[in-house]
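Student: Just passing along the structure, written as structure tokens.
Protein chains: 4
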Amino acid sequence: MANHQREIEVSGHIVDSMILAKVFDAVMDMGGEFEVLEIDVGRRKKDKSHARLMVSAKTQAKLERILEAIYRYGATSKEINDAKTRPAPRDMVMPADFYSTTNNKTQVRVGGAWVDVANPMMDKCIVLKGRRATCVPIRNVRRGDRIVVGESGVQITPLERPREGVNVFEFMGNSSSSERPTRHIARHIAADILEIKKRRGKIVLVGGPAIVHTGAADSVAYLVRAGLIDAVLAGNALAVHDIEYATMGTSLGMNVRDGTLAVRGHRNHMDAINSVFAAGSFARMVASKKLKRGIVYECVKKGVPLVLASSIRDDGPLPGVITDVMEAQRQYRKALEGADMVLMVSTMLHSIATGNMLPANVKVVVIDINQPTVTKLMDRGTWQALGIVTDVGAFLPLVAGEIKRIR
Amino acid sequence: MANHQREIEVSGHIVDSMILAKVFDAVMDMGGEFEVLEIDVGRRKKDKSHARLMVSAKTQAKLERILEAIYRYGATSKEINDAKTRPAPRDMVMPADFYSTTNNKTQVRVGGAWVDVANPMMDKCIVLKGRRATCVPIRNVRRGDRIVVGESGVQITPLERPREGVNVFEFMGNSSSSERPTRHIARHIAADILEIKKRRGKIVLVGGPAIVHTGAADSVAYLVRAGLIDAVLAGNALAVHDIEYATMGTSLGMNVRDGTLAVRGHRNHMDAINSVFAAGSFARMVASKKLKRGIVYECVKKGVPLVLASSIRDDGPLPGVITDVMEAQRQYRKALEGADMVLMVSTMLHSIATGNMLPANVKVVVIDINQPTVTKLMDRGTWQALGIVTDVGAFLPLVAGEIKRIR
Amino acid sequence: MANHQREIEVSGHIVDSMILAKVFDAVMDMGGEFEVLEIDVGRRKKDKSHARLMVSAKTQAKLERILEAIYRYGATSKEINDAKTRPAPRDMVMPADFYSTTNNKTQVRVGGAWVDVANPMMDKCIVLKGRRATCVPIRNVRRGDRIVVGESGVQITPLERPREGVNVFEFMGNSSSSERPTRHIARHIAADILEIKKRRGKIVLVGGPAIVHTGAADSVAYLVRAGLIDAVLAGNALAVHDIEYATMGTSLGMNVRDGTLAVRGHRNHMDAINSVFAAGSFARMVASKKLKRGIVYECVKKGVPLVLASSIRDDGPLPGVITDVMEAQRQYRKALEGADMVLMVSTMLHSIATGNMLPANVKVVVIDINQPTVTKLMDRGTWQALGIVTDVGAFLPLVAGEIKRIR
Amino acid sequence: MANHQREIEVSGHIVDSMILAKVFDAVMDMGGEFEVLEIDVGRRKKDKSHARLMVSAKTQAKLERILEAIYRYGATSKEINDAKTRPAPRDMVMPADFYSTTNNKTQVRVGGAWVDVANPMMDKCIVLKGRRATCVPIRNVRRGDRIVVGESGVQITPLERPREGVNVFEFMGNSSSSERPTRHIARHIAADILEIKKRRGKIVLVGGPAIVHTGAADSVAYLVRAGLIDAVLAGNALAVHDIEYATMGTSLGMNVRDGTLAVRGHRNHMDAINSVFAAGSFARMVASKKLKRGIVYECVKKGVPLVLASSIRDDGPLPGVITDVMEAQRQYRKALEGADMVLMVSTMLHSIATGNMLPANVKVVVIDINQPTVTKLMDRGTWQALGIVTDVGAFLPLVAGEIKRIR
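Top to bottom, those sequences are chains A, B, C and D. Be aware that the first sequence starts at 1347, since it is given in our numbering, and climbs by one per residue. Be aware that the second sequence starts at 1347, since it is given in our numbering, and climbs by one per residue. Be aware that the third sequence starts at 1347, since it is given in our numbering, and climbs by one per residue. Be aware that the fourth sequence starts at 1347, since it is given in our numbering, and climbs by one per residue.
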């Protein structure tokens, strides 16, 4: 009955990375059948495994859908054709059958050879220019662009579970919990940061205003000053809070040193905003010595890119905050290029934005006091991520303290 | 010792609205003293009370700060002067001592008379043009604008606790809880909506994509179709989810009718986005019958403003989504003008944005499954607000069902 | 080097249930090595797979530990010996090397044959009496009991992922989320309940007082009256709230019909307790018509076991509430014997207690508004579980309504 | 019309403690009316205020209910009679109209004089023996006990908001938040603890097993060793985790020093339990040097009462854990007598139990990572409480570190 069939292959750490199991599942869940033609499991832990399966389904359409699903897990067809393309009918419009990307390493078959897709991100399309393949967001599609359609001629290398090593990602697995030994996690994060910087890696911090409000701004400022952070991605609020704290010692009118409410403190938030408008820019505020400490200050001094994306809830927003969302996305993407590690601290909005732009192999640490926020970010991420449900105001100083101790 | 003093007055429901207590507190907390010169408490519940106090402090500066604080609770000085103004030194720069607004009813003294400030919002400044006073965001300040400075000549009428009545706000108080009889709250919300529309009031819904994902999109679409919603404020995601659901039955690839994962469902999200780009706009998609149901559809059909503000995490965003944040704020503000009730459903970002724009007397209902989100919104709000920690997918259908039953 | 080795086998759905992957992982994580001697993967979805591995380690002690770990995943040694036992040295004391149980189906080798262990539960020991093997809690251990020690001669059959079917567990997987189509999940739960009762299965409800407070008591009372619930496990508070609601219409003084506070309502809680003490028992209160509705009433009328375990925060507690915790555990265990499905609603304490007593193959539905509670229960459970983050006051009426509609 | 009336008085800090406002509210909410006959507001902050009101209602029954409500806020009638009593009809049964207590300071009128009620707790009754009045739980009521009924002759002194001072309770107010400067709160808690111990006050810690799991056990052990904790109230789990950690370095099999999973760690939990059964008691385990560190160890060494209440989810429970809930309540109550401060850390169950036993004037600090838990405890408490949403594993070491620094 099931007379439409195709031979496919999978290889790599397909057993312990669950890839083979997922392929079996997908075929069965979608009403297909499979025969294992050959399976060669690595005899020792460093060996790769390899399997050949015959997948079959009752109709050709069904078979196509099954293949599409399992190609996403890294399966490849024995009969490989070049990727097919169709021209974009108009600016910002993709052909109906466009290939929708994942953030895994992706290759397309062009002229009989596999070509890497540059800059893999989630939910984009692939544009071919000659033999160059690029991952492109829909708003950047131009009429006539050759867009990959269908699933054949596209090959994915899913993230394999790391096997051995010393960093915190490996002993924790892809999970989150509020019941972990906090200080020891902080120690591991500190060690990881130093190890990455030692080999000249790139670390990006994405942060929200709770960093300032909970009293962790000094720790972040230290990380920037120490040259451990290569870019800070945030929104308007982080900068406003940081400048209020740096110039007046308060965060939304609360004295951060002791938690009391400052006299006339309700004005401080708007005062901070006004002081930046009066200076004209962060750089001039620093130059004129009106801003002498804090996260913004250290970024200016150190030349660390501080990319601030505006959102609709912003007061102000400050000069320098990017009010066009498309432009903000471009600058975030640029700042994230080549990142080895991203620390996402107390901001759902900017963390999701960042996550959408990251390839699967970047290490991500999500830190927030609210468990559903951590869970939501971990669920979306298809990266190698570690979720920590903790109090930012206690945790970041532990990380910073540990780094000071080691260096 | 405390020889700097000023006589002030408070009147209204100052005892049961806690206003008198707050004034006493503020004076004492800031190191001042007071004498009660006269107090006249309303003898029956509808009577207003009135009190005269002599406030004193050791220095004039201290006294000024105390006065500033208590003026914010509605106290007024016996010696009233006109409000002082200073010109804005540059575009987008306020004079240093600018008066920072609340969202309460606010009046300024101009030429010996009290003038209402138009459009009261939190954390803005007041610009005088002749005898007209307007609440203005910092980015709209133009060089030379006459901006109110200091606190004298400004008078606030704080929101008084409602006393009697039938609506849900009055029996609940300003609080939130997950331990309330859910169906009965739904019934009250339904009655409130109908009562407001009966007297031709304006109701605005602010919503996030969880509305679609939890299966409540049909209920919201019904409310729009029934003419009960006067504007929908949201982001890109609500519209994308709604269109995916309306055209393919899925939300992020999950079949909303039964929670199963759709075959090839991972593409549906991007497919929905592409379909709107292909049509060119929501209106054309409706006109060409490619979109035949859902929240976006009903808004288009009914001519209900659907204001979509982009944020940095957006995929697409869809045509019609406002990518400039400043413009989005303008359009939100316009849609909110004259609103009597705002329903904030499952979106922290757009709810905070909306809250920043609302005068204190608008009724706000905050609905979310995550208690910290509800708590955070309630803490920010100085409006008359009701927080409901519930499952949107179960709650909105209860509200819609109740409305269908009553009408 | 690694010259200590043992040949082991695994069979069943070892690829798609991840069992093989877990075995590989465990060996490698613990510093051992393996060779795949033979692997025979089922060619079609109903076929079982089978693998033979040679596991090796540097020391015999290391090897033993590795074997112990992988036996827990269902691996078995080719060389099978009878289980070893040692006598308990004293009452309530196990020999040092006691075998600590899981809640999976467990067998021990006695006289060359495999014997099922009765009543498998987590974290207990196994006592052999002749050829009978029983899972026994530490407090029930008697001096001289023959207690299984070490890991050899013990075999586990881990829960295999269900493959095909119609019930809600299969389309959901082992997960929890607040972003699901609520009404459709309610529909599935309703269908599952009816299907289980149709085949004369046993359903147990574990519940907390939020059932009453959120207005879902009538729905639970209906489920009991309809004969769909075979036992109710709870604490003192559920019963007190239920009786307060049944006799006075309030829950902690709040009128459940409309959420208002009852006059003198603060006394109602203690009044409810006093009324049961005055009657002497639930049964007499029903007999004397002082209790005419509610969950307790329906349990009494229907003869459904209502097992109430006291805890230290109890007011009263009511007559009939078991104040000795050991006795309460015994009665919970008895009520749970043979259960096919357990609904855990809004109570962390009693749900964890119940979970500790359940074999792995029981279907468990966890319902709570607080995501961390659901996450915590799901993390502990090694059963087949479905977590639903929802508002009980809206969800249970949906389930009850659906059941009424179908029957 | 409203011709049933009574003259009442209120005095104290009735304006700034909101007492007068609550009285006005109650009268109006319950359909009564009032006239202010006289009001004398303190002219300076240390002066007390005084008011006389005539309260009226349409029926005598309505008036009685209103009076009952406002007496609870501290109002007193001008016509004072002795408290009425009725004998308990049977053991554990109160007369129908029993007076239900609050945890405020309470006095009853006996023979024309006011007598303090010993040991005020929530939701109990008052038993008179001669001129002695005691707060008694329902299970301790004996047939014939003279139980106070109705509301007349009972007078309450509500907790007044503290006015001035240096401790953390005063700058924070009765609230909770995750957005506070964490380290500074830790510093204040540390100072508060030291200040209380300096004046020979009593501090009780109520704690859950997350203390061990998050790595804060050493900090708590330090506080006990340093003589700063006068009693530890907990359940079985805290002790089991503590002993597992003290003897094997793990918590539920996870190495607390680095978060890795211990080899064979799944047995450690049951091993710890078995080791205490084998020793016979905590004391013998310490004496035989099998237990050499940790919270339990320090309590034994220091003679600090460690009261462990069993609950139905317990494994074991350990010898010494009280399995009868009534006995556990008695011992908790005894340990709490005369407490000046109670730290409630990561346990909802034992914290609620403790809260039910505390008079209103005890300082309570609630520490938990889950905001709804903190909110729930704060909502129940009518004590002077501070809620801190933080990560226990980071916060307690900060408190302990600060104390070490200061001493």
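Cβ atoms here follow ideal geometry from the backbone N, Cα and C, with glycine treated the same way.
Here's the rule I'm using: 16 or more other beta-carbon atoms within 10 Å means buried, otherwise exposed. How should C:SER1522 be labelled?
Tutor: For C:SER1522, the predicted structure reports a pLDDT of 46, less than 50, and the residue's modelled location is therefore unreliable. A value from the coordinates is still provided. Counting Cβ neighbours within 10 Å, C:SER1522 comes out buried, since at least 16 surround it.
Student: Show which residues of chain A have a CB atom less than 7 Å away from the CB atom of D:LEU1569.
Tutor: The contacting residues do not exist; D:LEU1569 stays about 17 Å from chain A at best.
Student: Please check if any C-beta of chain G sits within less than 8 Å of the C-beta of A:MET1376.
Tutor: Of the protein chains in the structure, A, B, C and D, none is chain G.
Student: Tell me, which residues are paired with A:GLU1767 by DSSP?
Tutor: Residue numbering for chain A in the displayed model covers 1347 to 1753; residue 1767 of chain A lies beyond these limits and cannot be assessed.
Student: Could you list which residues in chain A have their beta carbon closer than 7 Å to that of B:PHE1623, in chain order?
Tutor: Neighbours of B:PHE1623 on chain A, chain order: MET1438, VAL1439, ILE1484.
Student: Anyone know if the C-beta pair for A:VAL1487 and A:ILE1472 falls short of 8 Å?
Tutor: In this structure, A:ILE1472 does not lie closer than 8 Å to A:VAL1487 by Cβ.
Student: Any beta-carbon of chain B closer than 8 Å to the one on A:ILE1658?
Tutor: Taking Cβ atoms only, chain B reaches closer than 8 Å to A:ILE1658, which makes this a yes.
Student: Which residue comes first and which comes last in the alpha helix (DSSP H) that contains B:ARG1489?
Tutor: Premise fails: B:ARG1489 is in no alpha helix (DSSP H) and is neither H nor E.
Student: Could you give the residue range of the alpha helix (DSSP H) that holds A:ARG1683?
Tutor: Per the sequence shown, residue 1683 of chain A should be read as Glu rather than Arg. Run containing A:GLU1683: none; DSSP gives neither H nor E here.
Student: Less than 8 Å between the beta carbons of A:ASP1686 and A:ILE1549, yes or no?
Tutor: Contact flag set, yes.
Student: Just mark C:ASN1349 as buried or exposed, buried being the case when its beta carbon has 16 or more other beta carbons within 10 Å.
Tutor: The residue is exposed, with fewer than 16 neighbouring Cβ atoms inside 10 Å.
Student: Distance, Cα to Cα, A:HIS1534 vs A:ARG1751?
Tutor: Computed Cα separation, rounded: 13 Å.
Student: Identify the residues that DSSP records as bridge partners of A:ALA1580: which are they?
Tutor: Answer is A:LEU1654.
Student: With 9 Å as the C-beta to C-beta threshold (strictly closer), list the residues of the stretch 1662–1683 of chain B near chain A in chain order.
Tutor: Listed by position along the chain: GLY1662, PRO1663, PRO1665, VAL1667, ILE1668, THR1669, ASP1670, VAL1671, MET1672, GLU1673, ALA1674, GLN1675, TYR1678.
Student: Looking at the secondary structure, which residues open and close the alpha helix (DSSP H) in which B:LEU1744 lies?
Tutor: Element bounds for B:LEU1744: 1738–1752.
Student: Please state whether the Cβ-Cβ distance between D:ALA1699 and C:ILE1658 is less than 8 Å.
Tutor: The answer is yes: Cβ separation under 8 Å.
Student: Is it true that the CB of C:ALA1740 sits closer than 8 Å to the CB of C:SER1565?
Tutor: Taking 8 Å as the Cβ cut-off, C:SER1565 and C:ALA1740 do not qualify as a contacting pair.
Student: Kindly list, in the order they appear in chain C, the residues whose Cβ is closer than 9 Å to that of D:SER1395.
Tutor: Chain C residues near D:SER1395: none, gap ~26 Å exceeds 9 Å.
Student: Which of helix, strand or coil does DSSP assign to C:GLU1425?
Tutor: Coil, per DSSP.
Student: Is there a Cβ of chain A sitting closer than 8 Å to that of D:PHE1741, yes or no?
Tutor: Judged by the 8 Å Cβ criterion, D:PHE1741 is in contact with chain A.
Student: Quick check on A:GLN1501: buried or exposed, where buried means 16 or more other Cβ atoms within 10 Å of its Cβ?
Tutor: Counting Cβ neighbours within 10 Å, A:GLN1501 comes out buried, since at least 16 surround it.
Student: Assuming C:ASP1491 contacts C:VAL1456 (C-beta within less than 8 Å), just tell me the rounded distance between them.
Tutor: With a Cβ gap of about 15 Å, C:ASP1491 and C:VAL1456 do not count as contacting.
Student: Tell whether a beta-carbon distance below 8 Å holds between B:SER1692 and B:VAL1642.
Tutor: No. Outside cutoff.
Student: Answer yes or no: does any C-beta atom of chain B fall closer than 8 Å to that of A:ARG1613?
Tutor: Answer yes: the Cβ-Cβ gap between A:ARG1613 and chain B drops below 8 Å somewhere.
Student: Run through DSSP, which three-state label would B:GLY1640 get?
Tutor: DSSP places B:GLY1640 in coil when its eight states are reduced to three.
Student: Report the partner residues of D:ILE1365 according to the DSSP bridge assignment.
Tutor: Answer by DSSP bridge pairing: none, since D:ILE1365 is not bridged.
Student: Which of the three DSSP states is assigned to B:ASN1702 in this structure?
Tutor: Helix at B:ASN1702.
Student: In angstroms with no decimal places, state the Cα-to-Cα distance between A:ALA1556 and A:LEU1584.
Tutor: Their backbone Cα atoms lie some 8 Å apart in a straight line.
Student: Let me confirm a value: B:THR1503 is counted as buried when at least 16 other C-beta atoms fall within 10 Å, else exposed. Which label applies?
Tutor: B:THR1503 comes out exposed.
Student: If you draw a straight line from the C-alpha of C:GLY1476 to the C-alpha of D:ALA1572, how long is it?
Tutor: Distance between the alpha carbons of C:GLY1476 and D:ALA1572 is about 54 Å.
Student: Taking a contact to mean a Cβ-Cβ separation below 8 Å, would you say A:ARG1398 touches A:ARG1436 in this structure?
Tutor: No, the Cβ-Cβ distance between A:ARG1398 and A:ARG1436 is not below 8 Å.
Student: Taking CB distances under 8 Å as the criterion, tell me whether C:ASP1564 reaches chain D.
Tutor: So, not an interface residue.
Student: If you run the structure through DSSP and keep just helix, strand and coil, what is D:ARG1571?
Tutor: It is helical.
Student: What's the C-alpha gap between A:ILE1365 and A:LEU1383?
Tutor: Approximately 17 Å between the Cα atoms of the pair.
Student: Kindly identify the DSSP beta-bridge partner or partners of A:ASP1469.
Tutor: Partner(s): none; A:ASP1469 has no beta bridge.
Student: Could you tell me the distance, in whole angstroms, from the CA atom of D:LEU1732 to the CA atom of D:VAL1688?
Tutor: Straight-line Cα distance between these residues: approximately 11 Å.
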